[in-house]
Amino acid sequence: MRHSIVYEKLTFCEETPEKKQYLALHKTTGWNAKNLFSQEQLYEGICNSWYQISVYNEQQLIGFGRIISDGVYQTFICDVMIHPDYQGKGVGKNLIQALVKYCEQKGIRWVQLFCAQGKQPFYEKLGFTVRDREAPGMTLFLNK
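The following block contains the structure:
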């Protein structure tokens with residue numbers, strides 16, 4: 000069941016944001032700086048999420064985060080974006096806590112995430128640890 004939580008004039012919704020607002024937030028936060036994906040691909044990706052939260056100030060999308068998961072043991076928090084005007088005000092913290100709470104409710108025991116360079120201290124304050132250098136993870140980009 001989808002629902003909304005109001006927090007200090009902000010609304011946290013378990014709904015896919017409207018495409019135009021999502022793409023505007025994406026552009027404002029500079030997440031897709033390398034232009035690896037088209038706008039259509041970005042939006043299609045979030046529509047296929049296991050779980051997601053959109054954060055609104057009145058009707059304006061100011062934050063977003065999602066989880067991709069098999070619902071059993073592989074769970075990744077990704078695409079966490081907070082409008083620059085709202086960073087440092089607890090929005091990201093509350094967003095991450097809500098995503099983690101959902102994992103707890105579903106019995107997930109291992110939550111992983113990818114974060115932008117320099118954001119590790121933010122996530123460490125929320126209980127995340129940096130992966131060991133012996134197992135840092137890897138990436139493969141395939142060309143079409």
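Residue numbers for the sequence shown follow numbering that gives the first Met the number 0, beginning at 0 and rising by one.
Yeah, the Cβ is synthetic: ideal placement off N, Cα and C, and Gly gets one too.
The structure displayed is predicted, hence computed values, not measured ones.
Leaving out five residues on either side along the sequence, give the residues of the same chain with a beta carbon under 8 Å from the beta carbon of residue i.
i: residue 95; result: 64, 76, 79, 122 and 125
i: residue 0; result: In this prediction, residue 0 has a pLDDT of 42, which is less than 50 and means its spatial position is unreliable; what the coordinates show is noted afterwards. Within the same chain, residue 0 has no close Cβ partners at all.
i: residue 114; result: 79, 121 and 122
i: residue 131; result: none
i: residue 24; result: 16, 60, 61, 62, 63, 80 and 82
Could you tell me which of the options sits nearest to residue i, measuring between CA atoms?
i: residue 56; options: 84, 100, 112 and 66; result: 84
i: residue 68; options: 117, 23 and 108; result: 108
i: residue 58; options: 10, 26, 134 and 27; result: 10
i: residue 48; options: 66, 88, 26 and 18; result: 66
Please classify residue i as buried or exposed, where buried requires at least 16 other C-beta atoms within 10 Å of its C-beta.
i: residue 46; result: exposed
i: residue 29; result: exposed
i: residue 62; result: buried
Closer than 6 Å by C-beta to residue i: which residues in its own chain qualify, once you throw out the five before and the five after it? Chain order, please.
i: residue 16; result: 53 and 60
i: residue 91; result: 81
If you check the beta carbons only, do residue i and residue j fall under 8 Å apart?
i: residue 42; j: residue 21; result: yes
i: residue 129; j: residue 119; result: yes
i: residue 100; j: residue 70; result: no
i: residue 103; j: residue 51; result: no
Mind checking if residue i is an interface residue toward chain C, Cβ cutoff 8 Å exclusive?
i: residue 65; result: The chain inventory of the structure shown lacks chain C, comprising one protein chain alone.
Can you find the residues in the same chain that come closer than 7 Å, C-beta to C-beta, to residue i, ignoring five residues on each side of it along the sequence?
i: residue 38; result: 22
i: residue 8; result: 56
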